[in-house]
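Chemist: Before I ask anything, let me first share the structure, which is written out below as structure tokens.
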Amino acid sequence: MLFVAINSRDATITKLLMQAGADSFRIDGVNGTEARAVASIFHRSLAGHPFASECLPFFPVSKYIEEAEHSPLHLAALGVLHVDLATALQTPEYLSSINQLSTDKMTPLHFAVTRSDISTVKHLLRYGADPEVRGE
């Protein structure tokens, strides 16, 4: 049930389910890690929808970020870390992780594309992001 509420981006129902004891570690009968539950929220909600800010407090986001081993560039592409990418991508710290896969098999470009963030996609491609990197 929680997965349905999350996918529909219904913050009110998601919060009601969580307050009633719905387990963020378990989605529709399939046990998973909290990273998987939170990843579902991130991928569907961070593109500027108010759903994210309303529901993310129910999920242990910092634990997800630790488990997924996101670089600062991953976080910027997710929209979690706000930086000037044109400047940041000129530093070794950011440039060295441009094609890095996180443990959830996502590159910064994957996240930018998932969020339909055209500006970030353009910056990443301009600085050498490989659109063929696969996280299989």
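In the numbering used here, the protein residues as written are 106 to 241.
Note that the Cβ used here is the ideal one computed from N, Cα and C, for glycine as well.
So, with DSSP's three-state summary, where would you put residue 123?
Modeler: In the sequence shown, counting from the first residue as 1, residue 123 sits at position 18. In this structure, residue 123 counts as helix in the three-state DSSP scheme.
Chemist: Between which residues of its own chain and residue 180 is the CB-CB distance below 6 angstroms, once the five residues before and five after are set aside?
Modeler: Taking the first residue of the sequence shown as 1, we reach residue 180 at position 75. Cβ neighbours of residue 180 beyond the five flanking positions: 186.
Chemist: Sort 121, 190, 184, 239 by Cα distance to residue 220 and report the nearest one.
Modeler: Here residue 220 refers to the residue found at position 115 of the sequence shown. The residue with the shortest Cα to Cα distance from residue 220 is 184.
Chemist: Are the Cβ atoms of residue 233 and residue 203 separated by less than 8 angstroms?
Modeler: Position 128 of the sequence shown holds residue 233. Position 98 of the sequence shown holds residue 203. It is a contact, given that the beta carbons lie within the stated cut-off.
Chemist: By Cβ distance, which residues of its chain are closer than 7 angstroms to residue 216, with the 5 residues on each side in sequence left out?
Modeler: Reading the sequence shown from its first residue, position 111 is the one you call residue 216. Answer for residue 216: 179, 182, 183, listed in chain order.
Chemist: Kindly indicate the opening and closing residues of the alpha helix (DSSP H) around residue 197.
Modeler: Position 92 of the sequence shown, counted from the first residue, corresponds to residue 197. Per DSSP, residue 197 belongs to the alpha helix (DSSP H) from 197-200.
Chemist: Please determine, among 115, 237, 117, 109, the residue with the shortest C-alpha to C-alpha distance to residue 211.
Modeler: What you label residue 211 is simply residue 106 of the sequence shown in a count that begins at 1. Out of 115, 237, 117, 109, 237 has the C-alpha closest to the C-alpha of residue 211.
Chemist: Which of the three DSSP states, helix, strand or coil, is assigned to residue 118?
Modeler: Looking up residue 118 in the sequence shown gives position 13. Reduced to three states, the DSSP call for residue 118 is helix.
Chemist: In whole angstroms, give me the CA-to-CA distance for residue 115 and residue 226.
Modeler: Your numbering for residue 115 matches position 10 in the sequence shown. Your numbering for residue 226 matches position 121 in the sequence shown. The straight-line gap from Cα to Cα measures roughly 28 angstroms.
Chemist: Along the alpha helix (DSSP H) that carries residue 218, what are the first and last residues, could you check?
Modeler: As a working note, residue 218 is residue 113 in the sequence shown. Residues 213-219.
Chemist: Residue 174 and residue 207 - do their beta-carbons sit closer together than 8 angstroms?
Modeler: On the sequence shown, position 102 is the one that residue 207 refers to. On the sequence shown, position 69 is the one that residue 174 refers to. In contact: residue 207 and residue 174 (Cβ atoms closer than 8 angstroms).
Chemist: According to DSSP, is residue 231 helix, strand or coil?
Modeler: For this step, residue 231 is matched to residue 126 along the sequence shown. In this structure, residue 231 counts as helix in the three-state DSSP scheme.
Chemist: Going by beta carbon distance, what residues of the same chain come within less than 7 angstroms of residue 205, once the five residues before and after it are set aside?
Modeler: The residue given as residue 205 occupies position 100 in the sequence shown. So the qualifying residues of the chain are 176, 212.
Chemist: Reducing DSSP to helix, strand and coil, say where residue 203 ends up.
Modeler: Taking the first residue of the sequence shown as position 1, residue 203 is located at position 98. Residue 203 falls in the coil class under three-state DSSP.
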